[in-house]
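>
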Amino acid sequence: MRKNILSALAGYGVIFALVFGLMSVCWVVVGAEGAFEPESWQVSPLWIFLLLAAGFLAALAGGWTADHLSHSARGAQMLLGIVIILGLLVALPVMLGMGPDPDVVRPENVPMLEAMNKGQQPVWVALLNPVLGAMGVIFGSRLRNSHGL
């Protein structure tokens with residue numbers, strides 16, 4: 228049981244590190260102009276694509292890691308639960324409209340951390356993200372061997 232919990236946590240650590248790293252690279256490449264709609268905190272279609280792709284790829288790696296470390300499907304199953312629960316918790320403020328004021332005009336140059344805090348994504352993106360994360364964990368656990376979920 229302990230091995231499964233640790234493997235799920237390691238898988239989540241992989242997901243977190245990859246999403247942060249990949250999105251940091253995306254920010255350097257596209258900047259605020261590519262990440263947001265003009266003079267707005269609404270994320271652009273390009274940024275939505277990059278966010279969803281990075282999340283799915285990271286979840287693939289996380290699922291593979293959890294399965295590899297636990298030597299059974301149980302570690303990936305625990306990771307799947309973590310991804311779904313945390314994903315829905317992150318989506319909740321977006322669904323309730325608890326984000327920053329949408330009428331505030333975005334300045335041209337924005338530091339990445341400010342963009343992370345003030346960026347506004349559509350509700351459907353916030354809900355799709357945990358679904359794609361769950362799919363990534365499932366497929367990632369199946370990449371390693373036949374233990375998969």
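By my numbering, the letter at position 39 of the sequence shown is numbered 266, and the numbering carries on one by one without gaps.
From the three backbone atoms N, C-alpha and C, an ideal C-beta is built for every residue, glycine too.
From the DSSP output, which residues share a beta bridge with V270?
Paired residue(s): F263.
> What is the DSSP secondary structure of Q304, counted as helix, strand or coil?
The answer is helix: DSSP assigns Q304 an H, G or I state.
> Buried or exposed: N336, going by 16 or more other Cβ atoms within 10 Å of its Cβ?
Flag for N336 reads exposed.
> For the alpha helix (DSSP H) holding L340, just list the boundary residues, first then last.
Taken as a continuous stretch (DSSP letters only), the alpha helix (DSSP H) holding L340 covers 339-345.
> Rank A244, P265, G238, F247 by C-alpha distance to the C-alpha of D330 and give the top, closest one.
When only C-alpha atoms are compared, the closest one is P265.
> With C-beta atoms as the reference, is L279 less than 9 Å away from V350?
It is not a contact, given that the beta carbons lie outside the stated cut-off.
> Looking at the structure shown, is L323 part of a helix, part of a strand, or coil, going by DSSP?
L323: coil per DSSP, three-state reduction.
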